[in-house]
Amino acid sequence: MIAPLTRLVPRTLRGRLSLVALTSAAILITVLTVAFNMVARQHLEHQADDELRTRAAAVATTVDTGGPVVGVHEGAHDELLDSNVWIYGGTRLIERPPNTTVHSPLSRAAHGLVTGGGRRCTTTGGPRPVHLCALPLPGPASGATVVTALDLAPYRSSADTLLFGSLALDAVMLACTYTLTRLAVGRALRPVRAMTDQATQEGAVTSGERFGTARLPAELSRLGTSLDALLDRIRALLRHERQLTAELSHELRTPLSRIIAELDWWRAHPRTAADTRATHTVISDAAASMHTICDTLLLDAREGVPTVPGTTLTLAALRHAARQLDPPAHLMLVITAQDPRLRTGVSAALLERIVSPLLANSLRYARSRVTVHARHDPDGVRIDVTDDGPGVPPPYAEQLFVPGRRADPGDAHGGAGLGLPLARRLARSVGGEVRYDAAHTPGARFTVRLPPA
Numbered sequence: 000m001i002a003p004l005t006r007l008v009p010r011t012l013r014g015r016l017s018l019v020a021l022t023s024a025a026i027l028i029t030v031l032t033v034a035f036n037m038v039a040r041q042h043l044e045h046q047a048d049d050e051l052r053t054r055a056a057a058v059a060t061t062v063d064t065g066g067p068v069v070g071v072h073e074g075a076h077d078e079l080l081d082s083n084v085w086i087y088g089g090t091r092l093i094e095r096p097p098n099t100t101v102h103s104p105l106s107r108a109a110h111g112l113v114t115g116g117g118r119r120c121t122t123t124g125g126p127r128p129v130h131l132c133a134l135p136l137p138g139p140a141s142g143a144t145v146v147t148a149l150d151l152a153p154y155r156s157s158a159d160t161l162l163f164g165s166l167a168l169d170a171v172m173l174a175c176t177y178t179l180t181r182l183a184v185g186r187a188l189r190p191v192r193a194m195t196d197q198a199t200q201e202g203a204v205t206s207g208e209r210f211g212t213a214r215l216p217a218e219l220s221r222l223g224t225s226l227d228a229l230l231d232r233i234r235a236l237l238r239h240e241r242q243l244t245a246e247l248s249h250e251l252r253t254p255l256s257r258i259i260a261e262l263d264w265w266r267a268h269p270r271t272a273a274d275t276r277a278t279h280t281v282i283s284d285a286a287a288s289m290h291t292i293c294d295t296l297l298l299d300a301r302e303g304v305p306t307v308p309g310t311t312l313t314l315a316a317l318r319h320a321a322r323q324l325d326p327p328a329h330l331m332l333v334i335t336a337q338d339p340r341l342r343t344g345v346s347a348a349l350l351e352r353i354v355s356p357l358l359a360n361s362l363r364y365a366r367s368r369v370t371v372h373a374r375h376d377p378d379g380v381r382i383d384v385t386d387d388g389p390g391v392p393p394p395y396a397e398q399l400f401v402p403g404r405r406a407d408p409g410d411a412h413g414g415a416g417l418g419l420p421l422a423r424r425l426a427r428s429v430g431g432e433v434r435y436d437a438a439h440t441p442g443a444r445f446t447v448r449l450p451p452a
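Note that numbering that gives the first Met the number 0 has the sequence shown beginning at 0, numbered continuously upward.
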């Protein structure tokens with residue numbers, strides 16, 4: 000039984016709300032209709048009783064109860080008063096309607112009221128019910144009673160007419176309620192349809208459109224705000240994914256270039272076994288560097304996963320990072336440390352990933368010399384990467400660490416503007432920092448601060 004009933008439930012929200020409104024209205028209207036018809040029937044019964052009492056009082060004026068025997072005065076319009084009227088002296092019938100007999104049902108019902116001991120009104124059954132009421136009369140002639148009767152058919156007909164009229168009105172009201180509810184709910188849900196169309200169209204995630212900017216009801220405004228927050232999280236994840244992909248591509252380009260160059264060199268001419276072993280060593284080192292780069296960046300990209308702490312000989316890590324970059328022959332690269340045993344409180348792989356973009360940037364723009372110097376700092380370890388190149392144009396200094404920004408994209412130097420933002424992000428992930436020293440001239444100086452070991 001549940002499955003067929005479930006299939007009758009509308010699938011749309013507008014249909015379900017309309018059904019709920021229709022059901023609620025039907026229950027309320029049914030209760031009101033029943034109460035109204037009960038009150039109407041009681042009111043008609045009271046009207047019938049008032050009519051009978053009025054008639055009985057009129058008939059009582061023709062009854063003489065002043066003597067020892069009850070008497071009836073005949074009047075000009077006596078036939079009107081005698082219609083459906085019985086007059087008793089005690090239990091003795093003095094007068095009855097001319098259209099009835101002593102043993103008729105109405106006469107027996109009237110006699111029952113007189114001898115019933117307390118009852119004042121009764122209703123006879125049958126296709127045309129009749130209501131009778133008894134009115135005892137005061138006076139020396141004890142037991143004088145007037146019984147009047149009234150046909151209830153017109154009152155019952157009025158009650159039935161009210162019932163059928165109210166049922167017809169109820170049907171019209173329910174139909175109007177259902178129609179108006181569907182129209183109102185449809186109009187109220189129009190913003191939801193617009194939000195749905197906006198969410199399903201292409202480019203909803205990548206565009207800057209927002210759901211909560213339109214004038215909406217409070218409930219839909221909260222829904223729009225929630226959808227905007229969800230879209231913001233999705234957009235942030237997409238940006239994070241694109242950034243990670245770009246950073247991996249940027250960092251893996253150097254070891255891949257080494258592998259390609261080494262293979263091209265090895266295949267250009269026949270090589271000795273020693274040359275082959277050297278090529279294998281270079282390729283193996285580049286592959287290991289790629290593996291380390293992937294592990295370092297992926298670990299940093301995992302939200303909620305803290306960076307694994309470590310300790311590194313700073314000078315050795317800086318020299319290894321420089322070898323991986325393969326500095327040009329015309330440049331002098333000097334790497335020094337205040338203390339050869341100076342240690343940094345990060346892993347060697349992470350230190351290389353922080354310093355490598357700074358070194359690559361300096362090697363790209365330096366004219367003749369690049370200097371890397373590590374020393375103790377009040378907050379830990381400080382590493383300065385300095386070159387004698389043209390320096391950073393002042394208008395571009397504030398955008399150095401914005402991903403994808405370059406001072407001069409057409410300067411014939413490779414790069415995607417991702418290295419410096421990556422270095423700063425990795426340094427900040429361990430509580431460090433990367434800054435550009437705008438006061439240094441000539442050339443450019445980048446300063447890295449990292450926690451101590």
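The beta carbon of each residue, even a glycine, is placed where N, CA and C say it ideally should be.
Practice item. Using only alpha-carbon positions, find the residue among 189, 354, 193 that is nearest to residue 418. Key: Position 419 of the sequence shown, counted from the first residue, corresponds to residue 418. Checking every option, the nearest Cα to that of residue 418 belongs to 354.
Review point. From which residue to which residue does the alpha helix (DSSP H) around residue 154 run?
Key: As a position in the sequence shown, residue 154 is number 155, starting the count at 1. It spans 152-187 - the alpha helix (DSSP H) in which residue 154 sits, taken as one unbroken run.
Check your understanding: Regarding residue 366 and the ligand FAD, is the C-beta to nearest heavy atom distance less than 7 Å?
Key -> In the structure on display, the ligand FAD does not appear, and there are no ligands present to speak of.
Exercise for review: Tell me residue 435's beta-bridge partners as DSSP assigns them.
Suggested key: Within the sequence shown, the letter at position 436 stands for residue 435. Residue 435 pairs with 445.
Exercise for review: Please classify residue 19: does DSSP put it in a helix, a strand, or coil?
Suggested key: Position 20 of the sequence shown, counted from the start, is the residue given in the question as residue 19. Looking at residue 19 - three-state DSSP - the assignment turns out to be helix.
Practice item. For residue 345, name the three-state secondary structure that DSSP assigns. Key: Looking up residue 345 in the sequence shown gives position 346. Of the three classes helix, strand and coil, the one that applies to residue 345 here is coil, per DSSP.
**Study point:** Distance between beta carbons of residue 387 and residue 367, contact taken as under 8 Å
**Key:** Taking the first residue of the sequence shown as position 1, residue 367 is located at position 368. Taking the first residue of the sequence shown as position 1, residue 387 is located at position 388. Confirmed, about 6 Å.
Point to revise | Sequence-distant residues of its chain with Cβ nearer than 7 Å to residue 136 (five each side left out) | key: What you label residue 136 is simply residue 137 of the sequence shown in a count that begins at 1. Same-chain partners within the cutoff: 59, 62, 64, 143, 144, 145.
Review point. In whole angstroms, what is the alpha-carbon distance linking residue 196 and residue 222?
Key: Counted from its first residue, the sequence shown places residue 196 at position 197. Counted from its first residue, the sequence shown places residue 222 at position 223. Going from the Cα of residue 196 to the Cα of residue 222 covers about 15 Å.
Practice item. Taking all protein chains shown into account, decide if residue 130 is buried (16 or more other Cβ within 10 angstroms of its Cβ) or exposed. Key: Within the sequence shown, the letter at position 131 stands for residue 130. The residue in question, residue 130, is buried, as its Cβ has 16 or more Cβ neighbours within 10 Å.
Review point. Grouping DSSP H, G and I as helix and E and B as strand, with all else coil, what is residue 332?
Key: For the purposes of this step, residue 332 is identified with residue 333 of the sequence shown, where counting begins at 1. Here residue 332 sits in strand by DSSP.
Practice item. Identify, in the order they occur along the chain, each residue of the same chain with its Cβ nearer than 6 Å to the Cβ of residue 51, setting aside the five sequence neighbours on each side. Key: Numbered from 1 along the sequence shown, position 52 holds the residue referred to as residue 51. So the list reads 132, 147, 149, once near-sequence residues are dropped.
Practice item. Excluding the 5 residues preceding and the 5 following residue 169 in the sequence, name in chain order all residues of the same chain whose CB lies nearer than 7 Å to its CB. Key: For the purposes of this step, residue 169 is identified with residue 170 of the sequence shown, where counting begins at 1. Here the set comprises 28, 32.
Exercise for review: Could you tell me which residues DSSP pairs with residue 86 in its beta bridges?
Suggested key: Along the sequence shown, read from residue 1 onward, the residue named residue 86 stands at position 87. Paired residues: 94, 145.
Point to revise | Residues bridged to residue 376 [DSSP beta-bridge criterion] | key: Mapped onto the sequence shown, residue 376 falls at position 377. For residue 376, which the question treats as bridged, DSSP gives the partners 379.
Review point. What first and last residue would you give for the alpha helix (DSSP H) that runs through residue 113?
Key: Locating residue 113 in the sequence shown gives position 114, where the first residue counts as 1. First-last of the alpha helix (DSSP H) with residue 113: 104-114.
**Study point:** Contact check, residue 342 vs residue 311, beta carbons under 8 Å
**Key:** Sequence index remark: in the sequence shown, residue 342 carries index 343 (1-based). Sequence index remark: in the sequence shown, residue 311 carries index 312 (1-based). Against a cut-off of 8 Å, the Cβ pair of residue 311 and residue 342 comes out as a contact.
Exercise for review: Return the Cβ separation of residue 371 and residue 330 in integer angstroms, given the expectation that the two are a contact with Cβ distance under 8 Å.
Suggested key: One-based indexing of the sequence shown puts residue 371 at position 372. One-based indexing of the sequence shown puts residue 330 at position 331. 12 Å between Cβ atoms; not a contact.
Review point. Between residue 313 and residue 389, what straight-line distance do the alpha-carbon atoms span, to the nearest angstrom?
Key: As a first step, residue 313 must be located in the sequence shown, where it is residue number 314. As a first step, residue 389 must be located in the sequence shown, where it is residue number 390. Straight-line Cα distance between these residues: approximately 28 Å.
Review point. With respect to the beta strand (DSSP E) encompassing residue 130, which residues constitute its N-terminal and C-terminal limits?
Key: Indexing the sequence shown from 1 puts residue 130 at position 131. First-last of the beta strand (DSSP E) with residue 130: 129-135.
**Study point:** residue 20 to residue 175 span [Cα, whole Å]
**Key:** By one-based count along the sequence shown, residue 20 stands at place 21. By one-based count along the sequence shown, residue 175 stands at place 176. Going from the Cα of residue 20 to the Cα of residue 175 covers about 11 Å.
**Study point:** Nearest-angstrom Cα separation, counted from residue 190 out to residue 317
**Key:** Numbered from its first residue, the sequence shown carries residue 317 at position 318. Numbered from its first residue, the sequence shown carries residue 190 at position 191. Spanning the two alpha carbons is a distance of roughly 59 Å.
Review point. Is it right to say residue 37 is buried, meaning 16 or more other beta carbons lie within 10 angstroms of its own, or is it exposed?
Key: By one-based count along the sequence shown, residue 37 stands at place 38. Under this definition residue 37 is an exposed residue.
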